[in-house]
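Novice: Quick one: the structure is below, questions incoming.
Numbering (our numbering), first residue to last: 156 to 279.
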């Protein structure tokens, strides 16, 4: 399977090196998502960013390198990040431009299945 296929979708961020798990979902669930055309998004506490991604392999694991730009409590933020899928979990690191850095771990969010409508009965 191509790295893009393995990475595509939404991943719930479950741990960072400097935040408690409970705080990660305090406002909105912390997540990182990878979509088509090298696009994605990141939401982590008050950080809300768009991603420009490049998928590949690193040490035999599907990986992604990305830049990000967005806001943090109304202030403009940008930076770069890397992540790789190891044993079904996404492990990565964020580097904020002229700022801090943090590592994270994430689990894939199951894709929602469309709800099946009951079959119509004849005569109704």
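C-beta atoms are modelled at their ideal positions from N, C-alpha and C, and glycine is treated no differently.
Do you know offhand how far residue 185's Cα is from residue 238's?
Specialist: Within the chain shown, residue 185 is the residue found at index 30, counting from 1. Within the chain shown, residue 238 is the residue found at index 83, counting from 1. For residue 185 and residue 238, the distance between alpha carbons rounds to 15 Å.
Novice: Just verifying my parser: in three-state terms, what is the DSSP assignment at residue 159?
Specialist: For the purposes of this step, residue 159 is taken as residue 4 along the chain shown, with counting starting at 1. Residue 159 sits in a helix when the DSSP states are folded into three classes.
Novice: Select from 240, 248, 254 and 258 the residue whose C-alpha is nearest the C-alpha of residue 162.
Specialist: Working through the chain shown from its first residue, we reach residue 162 at position 7. Closest by alpha carbon: 240.
Novice: Which parts of the segment 171 to 247 are runs of the alpha helix (DSSP H), unbroken and 4 residues or longer, counting only runs that do not cross its ends?
Specialist: 176 to 179
Novice: In three-state terms, what does DSSP make of residue 164?
Specialist: As a working note, residue 164 is residue 9 in the chain shown. In this structure, residue 164 counts as strand in the three-state DSSP scheme.
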